[in-house]
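Note that the protein sequences, when read in sequence, are chains A and B.
Counting with the numbering used here, you get residues 35 to 249 for the letters of the first sequence.
Counting with the numbering used here, you get residues 5 to 367 for the letters of the second sequence.
Structure record follows, encoded as structure tokens.
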Amino acid sequence: MTEPIRLAVLGAGHVGPVIARLAIKAGYPVAIATSGDPEEISLIAELLIPGAQARWAADAVADADVVVLAIPLHRFADIHPGLLSDKLVIDAMNYWPTSDGLLTAFENGGSSEIVARRLPGSTVVKALNHIGYHDLEDRARPAGAPDRRAAGVAGDDPEAAAAIAGMLGRIGYDAVRLGSLQAGRALEPGGAVFGAVLPLPEFERAVRADARSLA
Amino acid sequence: MTYTFGLDTFGDRNSEPGGTPLSHAQTIRNVVEEGVFAEQAGVDFFGIGEHHTEHFPMPAADTVLAAIAARTARIRLGSAVTVLSSDDPVRVFQRYSTINAISGGRAEVILGRGSSIESFPLFGYDLADYEELFEEKATLFAELLKGGPVTWEGKTRAPLLNQDVVPHTESGPFPAWIGVGGNPQSVIRAARLGFGLALAIIGGPPARFAAYSQLFQRALEKFGRPPLPVLVHSPGHVAPTDQQAKAEFWPHWRDIIALIAPERGFAIPTEESFERETGPDGALYVGSPETVARKIATNLRALGATRFDLKYGMPGLTHEQLMTNIELYGHQVIPHARELLGELVASPQRCPSDNEAAEQAHA
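Right, here's the structure in full:
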């Protein structure tokens, strides 16, 4: 993949604008889109994500190298898999029934594994889902900062996971690679590091101790 | 600039001084006394947030508000929040319009989700439908507030055809707000529907919400609406000294957040995080009257807001501790915050017309 990675962030709720802001700050070109008319989020882009372009989802995705899914998981079924084919997709969504309700399609298995099965033409990497959206921005630090924290990246495609690990490093986190999407279950609600914002050694220890990531 | 200062409760279950929890019924009776006392202490607004749990036994806030309405003359009374998605907008309008009648025009409503989700399974709603439910019902509520016969059709309740919904208000729409926790699209929705913006800031630096306030005013312009007010709702506890306020609040705060953290995605509080949240850059207003007044004034300015609602109490605090909190808030925090904000009117005794501007803007 040639630099700079162009990002399309799908979702302009709690999480999407935060990821978009961090990416812009790190120097990535960013487009943001929802399921609707970009006009509806133009003010959000202008005031909350200076530098991001509000676009139609299809246009944003077409011009992007990496697509970030930052929509509620129950809306994922509305996305046509064809829209994302041949793209590297970051799944930043969570299956969190106590907070968002029960989804039968996601009851068995890791949510990113299920997302990946629905997107056979895409390369799916799980990242940016396990740190709360406020923390994600507040705790980002440049490489080498003494209080820099860790963030996980899980994927079945090593090259794709490496690319996203590089991106996490640039937006402000020490990336920890988990060997597969299945291992990425440690990043999910109920997993070892969900909601925690840990320094690298503690993060690695917690992930290693999580039985789900070894399943 | 005129500022308004309120108190909110979720019906946090009280304890006896020794720690034994009081009954739900006694907690509710105490909330009535607290609302009446809030008026005597000079507080402008008293809000009750809908909750359905053991620790927050407050599912029928409007009934409690009606009791307070019958015993007060000046304080404004409202929900904080009404979980509109799992309620019927027609019934919500009717209940608050009735409180408006009982109280002689002192009702308000804040619509939202809060961080309350128990009402969804309780009333047979699917959390996954949250967005659609809220969007439709908030739109219908905006129609109902206008006061005329309503014609409406949607997916979430029976259609209305030229329906007269009673009781009519005596002086136009009562103030209505949408509670927003961090989703900018909710800010846009409040502007589109013409509701005030209620920023629920319960963690992290309040200043990050300044952009939401700007977004709200810009969106109002875009939709061709006049400016509408922004309010800030945050938790806290006032006691004679910082040390006492923190010592009283901390153990109950820690326990209740730890209890609900797994399902709400909150981090478990530590003493370190509590210090951060009660400091100048945090979201908790815990301290002496001086500390709390300064923090309120600073943040109202930073956020372009004209109203502050302190969510007082926490399950496990005593009714007496809450009454002291209310007394200090009304007699010391509010006058001092007004002074710091440079408000011209110095009297702590406010009259309902304080909210005239807001009401006109809502109309």
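For glycine and all other residues, C-beta sits at the position ideal for the given N, C-alpha and C.
Item                                                                                                                                                                           : Value
Kindly confirm or deny that the region 202-216 of chain B and the region 242-260 of chain B touch, where touching means at least three C-beta pairs closer than 8 Å.           : no
When we look at the beta-carbon of residue 20 of chain B and count the other beta-carbons within 10 Å, is it buried (16 or more) or exposed?                                   : exposed
With DSSP as the reference, identify every bridge partner of residue 50 of chain B, one or two as the case may be.                                                             : B:11, B:81
What residues match up with residue 181 of chain B in a beta bridge as DSSP calls it?                                                                                          : B:114, B:200
How far does the alpha helix (DSSP H) with residue 328 of chain B in it extend, from its first residue to its last?                                                            : 323-332
To be precise: take each residue of the region 159-179 of chain A, compare its Cβ to all Cβ atoms of chain B, and keep it if any distance is under 9 Å. Which residues remain? : 166, 167, 168, 169, 171, 172
In angstroms with no decimal places, state the Cα-to-Cα distance between residue 66 of chain A and residue 90 of chain A.                                                      : 8 Å
Report the neighbours of residue 203 of chain B on chain A: residues whose CB is nearer than 8 Å to its CB, in chain order.                                                    : In chain order: nothing, as chain A lies at least about 14 Å away.
Taking the beta strand (DSSP E) that residue 216 of chain A falls in, what are its first and last residues?                                                                    : From DSSP, residue 216 of chain A is part of no beta strand (DSSP E); its letter is neither H nor E.
Closer than 7 Å, CB to CB, is residue 221 of chain B near chain A or not?                                                                                                      : no
Name the chain A residues that come within less than 7 Å of residue 132 of chain B, Cβ to Cβ?                                                                                  : 108, 134, 135, 137
Output the residue ranges of the beta strand (DSSP E) runs that lie fully inside the region 175-249 of chain A and measure 3 residues or longer, sorted by chain position.     : 183-189, 207-212
Using 8 Å for Cβ pairs, my map puts residue 321 of chain B next to residue 252 of chain B. What's the rounded Cβ distance?                                                     : 7 Å
Are the C-beta atoms of residue 215 of chain B and some chain A residue less than 7 Å apart?                                                                                   : yes
Do residue 103 of chain A and residue 125 of chain A count as a contact pair if the criterion is CB distance below 7 Å?                                                        : yes
In the DSSP assignment, the alpha helix (DSSP H) including residue 39 of chain B goes from what residue to what residue?                                                       : 28-44
Indicate the three-state DSSP secondary structure (helix, strand or coil) for residue 259 of chain B in the structure shown.                                                   : helix
Please list the terminal residues of the continuous alpha helix (DSSP H) segment that includes residue 150 of chain B.                                                         : 134-150
Flag residue 35 of chain A as yes if its beta-carbon sits less than 7 Å from any beta-carbon of chain B, otherwise no.                                                         : Residue confidence for residue 35 of chain A is low, a pLDDT of 48 falling below 50, so the modelled location carries little weight; the figure read from the coordinates is stated next. Judged by the 7 Å Cβ criterion, residue 35 of chain A is not in contact with chain B.
Any contact of the region 70-84 of chain A with the region 183-193 of chain A, i.e. 3+ C-beta pairs under 8 Å?                                                                 : no
Comparing C-alpha positions only, which one of B:79, B:307, B:284, B:306 sits nearest to residue 296 of chain B?                                                               : B:284
Against chain B, which members of the region 35-53 of chain A pass a CB distance test of less than 7 Å?                                                                        : 46, 47, 48, 51
How would you list, in chain order, the residues of chain B whose beta-carbon sits under 7 Å from the beta-carbon of residue 205 of chain A?                                   : Neighbours of residue 205 of chain A on chain B: none; closest Cβ ~18 Å, over 7 Å.
Going by DSSP, what residues sit across from residue 160 of chain B in a beta bridge?                                                                                          : Partner(s): none; residue 160 of chain B has no beta bridge.
Do residue 202 of chain A and residue 185 of chain A have their beta-carbon atoms positioned less than 7 Å apart in this structure?                                            : yes
Among the candidates A:171, A:128, A:223, whose CA atom is the shortest distance from the CA of residue 58 of chain A?                                                         : A:171
Taking the C-alpha atoms as reference points, what is the distance between residue 159 of chain A and residue 221 of chain A?                                                  : 12 Å
Return yes when the C-beta of residue 235 of chain B is under 6 Å from any heavy atom of the ligand ATP, and no when it is not.                                                : No copy of the ligand ATP appears in this structure; indeed no ligand is present at all.
Is the CB-CB distance between residue 104 of chain B and residue 323 of chain B below 7 Å?                                                                                     : no
Between which two residues does the beta strand (DSSP E) holding residue 240 of chain B run?                                                                                   : 234-242
Could you give the C-beta distance for residue 246 of chain B and residue 291 of chain B, rounded to a whole number, given that I count them as a contact under 8 Å?           : 4 Å
How many angstroms separate the CA atom of residue 288 of chain B from the CA atom of residue 54 of chain A?                                                                   : 28 Å
Per the contact definition of three or more C-beta pairs closer than 8 Å, is the region 26-40 of chain B in contact with the region 216-226 of chain B?                        : no
Which of the residues in the region 307-325 of chain B, read from start to end, lie with their CB under 7 Å from any CB of chain A?                                            : none
Closest to residue 70 of chain B by CA distance: which of B:100, B:204, B:201 is it?                                                                                           : B:100
Would you report the Cα separation of residue 38 of chain B and residue 115 of chain B, rounded to the nearest angstrom?                                                       : 23 Å
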